[in-house]
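The sequence shown begins at 4 in the working numbering and counts up one residue at a time. Here is the structure we will look at.
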Amino acid sequence: MTLTEIQIYFRHVLPAKDDQIFFLSQLLESVSIAREYSGAWSTTMLKNGFRLNVGQVEALSCTFQKVESARKSGCQIELRILLAGDDCDLAFNLNPEFESIVAMNYASIGQAHWCYSFMLGTLHSMNLEDILDDVGEQIKRLAGLRRRYIDRASHTSIGKVRNKSNFAATHCPALIEYAELICKVENESTGGWYNGYSWKEREAKLKEAHRLQEMGVLQPASGPCQLCGDPNVEVKSHDEDYSLPYLWGGTAEYALCLHCHIHKLHRRFTNPQLWLDFLAHVRRGGYASDLKDKEISKEFSQYRKAVASGSAFTLVSLRPYTQEIGQEWFSKLSTDPSSLRDTNARPRP
4 MTLTEIQIYF RHVLPAKDDQ IFFLSQLLES VSIAREYSGA WSTTMLKNGF RLNVGQVEAL
64 SCTFQKVESA RKSGCQIELR ILLAGDDCDL AFNLNPEFES IVAMNYASIG QAHWCYSFML
124 GTLHSMNLED ILDDVGEQIK RLAGLRRRYI DRASHTSIGK VRNKSNFAAT HCPALIEYAE
184 LICKVENEST GGWYNGYSWK EREAKLKEAH RLQEMGVLQP ASGPCQLCGD PNVEVKSHDE
244 DYSLPYLWGG TAEYALCLHC HIHKLHRRFT NPQLWLDFLA HVRRGGYASD LKDKEISKEF
304 SQYRKAVASG SAFTLVSLRP YTQEIGQEWF SKLSTDPSSL RDTNARPRP
């Protein structure tokens with residue numbers, strides 16, 4: 004499916020943008036984890052929804068079915084998130100009206116695993132926004148179990164990193180592209196705020212950049228990526244400064260590849276340890292794109308597990324690193340979520 008077809012589809016099944024953001028952000032969260040572990044994942048657009056597969060199995064799926072009442076039409080939604088962990092069905096207080104956890108039996112997982120399911124019709128008498136807020140909090144509590152499942156699905160029974168999903172032939176890149184556009188990933192839980200600038204202020208600078216580029220006054224961002232250093236990837240501008248008068252380049256704006264920009268830099272507030280681990284990878288001369296290599300990805304996963312357990316682990320150097328560690332522009336970025344809305348975080352008034 005094309006990006007336009009996917010856009011039309013989601014406008015049909017989930018007319019409210021906030022509802023689209025909720026469900027598509029769950030897809031992006033699982034994809035982000037899968038990217039860390041291996042290249043063995045794929046997303047599929049279905050006639051009635053979408054699905055993420057990791058390795059040989061389902062990791063997340065969401066389906067939509069139109070329902071009718073005497074007065075209006077609506078949609079029955081089911082979200083499924085796969086989890087791994089002993090007796091995780093006993094770890095959470097579920098609302099039996101909407102939620103369930105059932106045991107699964109995928110042979111490739113190799114340990115107890117479960118499916119958390121949320122099902123609701125939009126014709127339900129309760130306020131959907133309130134329900135999704137509660138479900139969102141529940142899903143946050145499942146984060147470790149979701150990561151464990153994807154970790155297991157990304158490896159074979161002998162611990163070898165899988166390089167390709169069984170469902171790769173049905174992979175739909177446009178689904179990921181649409182999810183990232185509609186969610187504006189970095190704005191998902193912050194209302195669009197960054198460095199004390201509102202989304203309205205940030206969008207105004209973005210529009211001005213597009214206007215100047217169309218006039219030929221401002222050149223689009225060009226590589227290499229100013230975080231990981233990769234010279235062979237597409238880059239886009241990331242702004243740290245949205246104050247007037249606008250500044251272009253320098254310390255106000257950096258050219259970043261998609262992975263560094265969306266999946267690491269903007270997610271440092273929700274996963275600061277992953278941010279720090281990723282910087283260790285960059286400082287050994289690693290590009291973000293290197294993590295697609297199964298051996299490098301496996302080593303990085305081992306490093307992360309060692310850091311989490313307090314064990315020593317030295318990453319193998321990939322390339323010479325020429326910057327002074329601790330003095331890079333990105334090393335000075337805050338991971339404190341309060342800085343997102345704090346106007347004192349602005350580089351300029």
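Where a beta carbon is used, it is the ideal one built from N, C-alpha and C, also for glycine. Nothing here was measured: the structure is a model prediction, and the numbers come from that model.
Pairing H15 with G52, the inter-Cα distance amounts to about 12 Å. Along the stretch 231 to 301, the alpha helix (DSSP H) occurs as fully enclosed runs of 4 or more residues at 275 to 286, listed in sequence order. With 16 or more other Cβ atoms from the protein chains shown falling within 10 Å of its own Cβ, E243 counts as buried. DSSP places W202 inside the alpha helix (DSSP H), whose first and last residues are 202 to 218.
For the pair of segments examined, the stretch 146 to 158 was found to touch the stretch 58 to 65: the number of CB pairs separated by less than 8 Å reaches three. With distances taken between CA atoms, V236 lies nearest to L259 out of L259, E204, L294, C91. Note on geometry: alpha-carbon atoms of Y109 and I185 lie some 32 Å from one another.
Between V220 and the set W251, G289, H241, Y12, the nearest pair of CA atoms involves W251.
Separation of F272 and P340 (C-alpha to C-alpha, rounded to the nearest whole angstrom) is 5 Å.
The three-state reading of DSSP puts A348 in helix, counting H, G and I together. Looking at the DSSP output, E61 shares a beta bridge with N56.
For H158, the beta-bridge partners assigned by DSSP are V164. Counting the other CB atoms within 10 Å of its CB gives A182 a total of 16 or more, which places it among the buried residues. Shown here, S342 sits in a helix according to DSSP, grouped into three states.
In the DSSP assignment, V105 falls within the unbroken beta strand (DSSP E) covering 102 to 106.
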